[in-house]
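Asks: So that we are looking at the same thing, I have put the structure below in structure tokens.
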Amino acid sequence: MRGLKYLAGYSEQVTSKVQRLLDANELGGVLLSKYPTPHGFTTDRSLYDFTMGIKNEYLRKSQPLSKVVYDPKISVINHALGLHSFVSRVQGAKLTAKNEIRVASMFRVAPVEFLRMIVVHELAHLKEKEHNKAFYQLCEYMEPDYHQLEFDTRLYLTHLETAGALYKETSPA
Numbered sequence: 008m009r010g011l012k013y014l015a016g017y018s019e020q021v022t023s024k025v026q027r028l029l030d031a032n033e034l035g036g037v038l039l040s041k042y043p044t045p046h047g048f049t050t051d052r053s054l055y056d057f058t059m060g061i062k063n064e065y066l067r068k069s070q071p072l073s074k075v076v077y078d079p080k081i082s083v084i085n086h087a088l089g090l091h092s093f094v095s096r097v098q099g100a101k102l103t104a105k106n107e108i109r110v111a112s113m114f115r116v117a118p119v120e121f122l123r124m125i126v127v128h129e130l131a132h133l134k135e136k137e138h139n140k141a142f143y144q145l146c147e148y149m150e151p152d153y154h155q156l157e158f159d160t161r162l163y164l165t166h167l168e169t170a171g172a173l174y175k176e177t178s179p180a
């Protein structure tokens, strides 16, 4: 099936339904009915504040974040929507550590639910480095609809690839 690389692990029943929506040019309408407007967190500062709000609510005692930014170099081609990086540096007799979260810049214009799912995923890496059962339990703790949002984000990416933008882009404030 053409254009369904983001749904590669899903059943034939699911992918054929999505393919029918694509063929009828209805996937965008389905997404817009469920997620009618994009979020307003278009600057790196507003993304940082959004992320820190979630972190402070669910992971107050976890390691601090030094940076949260949109990154135009992140490519969904490499199966990345966001990245969590941990950098350790020796400064004199001290070892300093910095945690950074980078979100693909294509999510500047997306529903807040998709942005939240990506941020929750990257924040979960502060506690769990691997994608294991504990990792996904932590994601679901922070966002109970995590798995549905992940699927819907895959639909969104499929729509972007096959039909183009769903929302009009506005310049960051």
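The opening position of the sequence shown corresponds to residue 8 in the numbering used here, with each subsequent residue numbered one higher. Here a beta-carbon is modelled for each residue, glycine too, at the ideal position from N, C-alpha and C.
Enumerated in chain order, which unbroken segments of the beta strand (DSSP E) with a length of 3 residues or greater are wholly contained in the stretch 100-137?
Replies: Whole beta strand (DSSP E) segments, 3+ residues: 101-111.
Asks: Give the straight-line distance between the Cα atoms of Y65 and F48, rounded to the nearest whole angstrom.
Replies: C-alpha separation (whole angstroms): 20 Å.
Asks: Which of helix, strand or coil does DSSP assign to D78?
Replies: Three-state result, D78: strand.
Asks: To the nearest whole angstrom, what separates the beta carbons of L156 and E120, a pair I think is in contact under 8 Å?
Replies: L156 to E120, Cβ: 5 Å. Contact.
Asks: Would Y148 be called buried (16 or more neighbouring beta carbons within 10 Å of its own) or exposed?
Replies: The residue is exposed, with fewer than 16 neighbouring Cβ atoms inside 10 Å.
Asks: With C-beta atoms as the reference, is L29 less than 7 Å away from T160?
Replies: The answer is no: Cβ separation not under 7 Å.
Asks: Using only alpha-carbon positions, find the residue among E107, I81 and A117 that is nearest to M59.
Replies: If we check each option's Cα against that of M59, E107 comes out closest.
Asks: Would you decide whether T44 is buried or exposed? Buried here means 16 or more other CB atoms lie within 10 Å of its CB.
Replies: The residue is exposed, with fewer than 16 neighbouring Cβ atoms inside 10 Å.
Asks: Name the DSSP beta bridge partners of G89, please?
Replies: According to DSSP, G89 bridges with V110.
Asks: What did DSSP end up calling Q155 once you bin it into helix, strand or coil?
Replies: Three-state result, Q155: helix.
Asks: Confirm the yes/no value for this check: CB of L34, any heavy atom of the ligand NAP, distance under 6 Å.
Replies: Judged by which ligands are present, the structure shown has none, so any question about the ligand NAP falls away.
Asks: What is the DSSP secondary structure of Q98, counted as helix, strand or coil?
Replies: Here Q98 sits in strand by DSSP.
Asks: What's the C-alpha gap between K175 and S18?
Replies: So the alpha carbons of these two residues sit roughly 32 Å apart.
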